[in-house]
Structure formats: C-alpha cells, structure tokens
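Written below as structure tokens is the structure these notes are about.
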Amino acid sequence: MRPISGRTGEGAMAYYRSVGDVPPTRHTQHRDPEGRLYREELMGEEGFSSDSSLLYHRGVPSAIVASEVWELPDQSRTPNHPLAPRHLRLHDLETGPDAVTGRRVVLANHDVRISYVVTGTGPSAYYRDAIGDECVFVESGAGVVETVFGAVPYRAGDFVVIPRATTHRWVPSEPSRLYATEASSHVAPPKRYLSKYGQLLEHAPYCERDLHGPTEPLLQEGSDVEVLVKHRTSAGIVGTRMVYATHPLDVVGWDGCLYPYTLNIDDYMPITGKVHQPPPVHQVFEGWNFVICAFLPRKVDYHPLAVPVPYYHSNVDSDEVMFYVAGDYEARKGSGIGLGSISLHPGGHAHGPQPSAIEASLGAERFEETAVMVDTFAPLELGEGGLGVEDPSYATSWARDRG
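For the sequence shown, position 349 (counting from the first letter as 1) is numbered 349 according to full-length UniProt numbering, and the numbering increases by one without interruption.
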C-alpha cells in the first residue's frame with residue numbers, strides 16, 4: 001500500500017450505466033413531450049480528462065438565488081503530540097441526528113477526514129462535498145441516499161461511495177451509525193484490481209455485480225431549495241449555503257461512468273494464505289495518500305506452525321486506523337478495545353497484538369471479526385470528537401500485558 005501519486009483519477013473504474021431518458025447522441029437537443037429543452041450537464045473528473053457522466057435537467061443546474069456562509073461543525077485538529085497510540089470509543093460520542101450536520105470529526109489530515117454520526121430517522125440537509133469523494137461505512141441502520149443520479153438504498157455493512165460534488169441527502173428508515181471517510185481526492189478500487197480499461201479482474205476480491213448504483217431517476221420538484229456545500233478556500237475548509245431556484249434533483253436521465261454506488265462488506269471475498277497475510281490483501285478502495293481495507297470473518301493461516309494474529313510491525317510511512325465493527329478481534333484481547341472502538345497506531349510506533357493473544361491464537365482455524373481500516377500516508381491529528389472519547393490507558397496496554 002504505497003502513497004498514491006500521479007493523477008488522482010488514474011485507475012478509476014470505468015463501469016458504464018445509463019438511467020432514465022437520454023438522447024441517442026450526446027450534446028444534441030433533448031426535449032420533453034411539450035417541446036421544452038432539457039439542460040445537459042457534464043459532471044466529470046479532472047476537467048474533461050477522466051470519468052464523467054452526462055445529466056439532463058428539467059431546470060437550470062446553475063440557477064442560484066442566494067449564497068451565504070454555512071458555519072461548519074467544529075473542524076479543529078490537535079496534533080498527536082507527544083506521539084502515542086490512541087483508542088477512541090465512538091459509541092460514547094454524542095452526535096446530532098442529521099447525517100450531514102451532525103457529524104463529528106474524530107481524526108483528520110489534509111488528505112482525509114474521518115467523522116462519525118448517529119442519525120435519527122429524519123432526512124438530512126441537501127449536501128454537496130466539493131472537496132472530494134466520500135466513502136461512508138454503514139455500521140448499522142438502513143435507509144436511502146437521495147442523489148441527483150437517483151436513489152441509492154443502503155443497509156448495514158455498506159460502503160456508500162459518493163463522488164465529489166454530488167448533490168444528495170441521507171434519508172434513514174431507521175437510526176443509522178455512519179462512519180464517514182471524506183477525501184480530498186477521488187476514491188476508487190485499487191489499480192491492481194483493474195484492467196487497463198477499468199474492468200475488475202479475476203483476482204479482485206469483488207466484482208461489478210457487487211456494486212449497486214441508481215436504477216431510475218429521482219425527480220423532485222420545488223423552489224428555493226437549500227444545499228449545503230463544503231468546499232475549500234485559502235483559509236481551509238469552509239461551508240456555503242446555496243439556494244436554488246428549482247430543485248437540484250430534477251434529472252430525467254443520465255449516462256456515464258461517474259455516479260454513487262454501494263458495496264456491501266459481506267460481498268467482499270477475503271484473501272487468505274498459508275501464513276499470515278499483510279494488510280494490502282484486505283484493501284477495498286484507495287484515494288490520494290490513503291487506502292481503505294476490510295477485515296472480515298475468514299479462515300486463517302494453515303501452515304502447521306502458523307501464528308494467526310499479526311506480527312508486530314512499524315508503520316514507517318503511514319498511520320493506521322482500525323474501526324472495530326463486529327465479532328471478536330483476537331489480537332486486541334486485553335487492550336480495552338471493543339465494538340465501536342477506533343485504534344490509531346501512528347507512524348514511528350511499532351504495534352501488534354497484545355502479547356497474551358499470540359499464544360492464545362495458536363491453532364485457530366477461523367477468526368470471527370469485522371473491522372474497517374484506513375491507512376494514511378500523512379500524519380493524522382485528533383478531531384474534537386476524537387479528543388472527547390479517548391481511552392487514556394490504551395497506550396500502555398502492551399506493557400501491562402506481557403504474555
């Protein structure tokens with residue numbers, strides 16, 4: 001898992017879809033039954049040089065009637081200094097019920113921001129992240145993400161990938177715990193999983209059948225519709241409240257290779273081996289200077305002398321963040337880690353299993369654990385939410401448990 005360099009769109013998965021009413025030829029007249037012209041919008045990455053989709057609006061997608069400051073939730077960050085491994089208990093974090101405005105930042109750097117929210121059952125504000133793609137893991141709950149491309153249902157275990165600048169809102173059908181990874185780049189499958197034309201290859205741990213995008217337009221009507229936009233200025237991350245003359249979710253059809261989709265963690269196929277496999281085999285997505293991995297229930301190493309839990313390792317180039325979702329995480333027994341925990345193991349600190357967990361794992365044939373990992377290639381700082389739910393005793397847990 002190297003830092004990702006070069007153009008951020010290289011290796012993006014080109015998986016074409018066509019939804020709703022689109023004309024036979026792009027950039028030509030497309031009219032409704034009464035003869036009114038639909039407005040064509042190109043939504044594309046890297047200007048006109050990477051993946052894109054063409055959307056056909058009833059209204060004018062740029063027709064705003066107001067633009068004013070949206071005061072973002074607290075985005076402050078505190079350096080991890082003095083350097084220490086950290087344990088954050090997310091289930092102790094109080095958040096607002098709105099899936100967008102209720103998020104609290106727990107860890108962040110310039111490349112990625114990790115936040116957490118427990119929603120109610122009401123819809124969120126309409127929202128557009130103009131900084132980068134978002135990959136939101138659904139720890140629990142269910143509902144629909146209503147987007148300009150159409151509706152995307154979500155359920156527990158889903159990764160919900162929402163491209164940069166996609167207007168959308170979250171509509172939970174039940175309270176949902178959402179673990180959001182907000183990038184400053186695009187998020188895509190790892191390049192090694194893809195053919196040079198963008199097809200997922202045979203050795204990839206998931207395939208196109210596992211990706212679920214919108215299947216029909218979601219036509220909404222209304223005027224003076226507010227959309228909260230997160231974007232950047234020279235001063236950093238800021239927010240703007242834009243008011244649109246007509247509803248932004250007015251698309252009658254679209255086609256292309258850029259759109260939101262879900263991938264459920266249960267459809268990911270773990271890769272196992274004769275001895276312990278390193279984290280890159282668990283990779284699901286990558287962005288600029290970070291990767292996302294999934295650790296799932298699986299058979300473990302089958303060498304007769306195998307040690308199933310991880311060996312100690314030093315993060316020479318990265319910070320490692322593990323979010324513990326379900327099951328019984330063998331390597332962390334005795335550390336205080338539990339469901340809903342985050343561990344941060346920073347670069348410059350050798351980490352690994354609790355000493356007593358090593359002997360206890362010998363002879364194991366299967367692990368029942370689910371966790372989502374984010375590795376970053378720039379140091380992570382603690383968000384205000386993370387500071388509020390830290391377990392201060394975690395850093396010395398290896399010294400207390402010497403096996």
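Even for Gly, the Cβ is constructed at its ideal location relative to N, Cα and C.
- Between the region 334-346 and the region 82-94 there are three or more C-beta pairs closer than 8 Å, enough to call the two in contact.
- DSSP places A371 inside the beta strand (DSSP E), whose first and last residues are E369 to T376.
- By the Cβ-count criterion, K230 is buried, with 16 or more other Cβ atoms from all chains shown falling within 10 Å of its own Cβ.
- Residue burial is scored here from C-beta neighbours: D317 has fewer than 16 other C-beta atoms within 10 angstroms and is therefore classed as exposed.
- Judged by their CB atoms, V187 and D133 are nearer to each other than the 7 Å cut-off.
- Between D301 and H276, the C-beta spacing is below 7 Å.
- M269 counts as exposed, since fewer than 16 other beta carbons sit within 10 angstroms of its beta carbon.
- Less than 7 Å separates the beta-carbon of R58 from that of D250.
- For the region 94-123, the full-length beta strand (DSSP E) segments reaching 3 residues or more read 104-108 and 112-118 along the chain.
- Counting along the chain, the unbroken alpha helix (DSSP H) around P355 starts and ends at P355 to S361.
- Taking C-beta atoms under 8 Å as the contact rule, G141 and P175 qualify, at a distance of about 6 Å.
- Per the DSSP secondary-structure output, I342 pairs in a beta bridge with L88 and F323.
- Taken through DSSP and simplified to helix, strand or coil, V138 comes out as strand.
- Taken atom to atom, the span from the alpha-carbon of Y126 to that of E368 is near 38 Å.
- Within the region 253-326, the complete beta strand (DSSP E) segments of 3 residues or longer fall at 261-264, 283-287 and 290-295, listed in chain order.
- By the Cβ criterion, the region 322-337 is in contact with the region 356-374, since at least three pairs of Cβ atoms, one from each stretch, lie closer than 8 Å.
- By DSSP's assignment, S52 forms a beta bridge with G44.
- For D401, the closest alpha carbon among the candidates E71, A350, N109 and R332 is that of R332.
- Proximity to Q354 across V389, L380, A395 and P73 peaks at A395, based on C-alpha coordinates.
- Around the Cβ of E182, a 10 Å sphere holds 16 or more other Cβ atoms; the residue is buried.
- For the pair of segments examined, the region 113-126 was found not to touch the region 214-221: the number of CB pairs separated by less than 8 Å stays below three.
- Under the DSSP assignment, L387 falls in the alpha helix (DSSP H) whose first and last residues are E384 to G388.
- Using a C-beta cut-off of 8 Å, the region 77-88 makes no contact with the region 237-251, since fewer than three inter-stretch Cβ pairs fall below that distance.
- F149 and P248 have their C-alpha atoms some 10 Å from each other.
- Sixteen is the threshold: since fewer than 16 other Cβ atoms of the shown chains lie within 10 Å of the Cβ of D266, the residue is exposed.
- Counted as a single uninterrupted DSSP element, the beta strand (DSSP E) harbouring W170 occupies residues H168 to A183.
- With contacts defined as CB atoms closer than 7 Å, V138 and D158 qualify as a contacting pair.
- Relative to the Cα of V105, the nearest Cα in the group G96, D98, P97 and S115 belongs to S115.
- If you draw a straight line from the Cα of I131 to the Cα of L362, it is about 46 Å long.
- The alpha-carbon of R39 is positioned some 13 Å away from that of D21.
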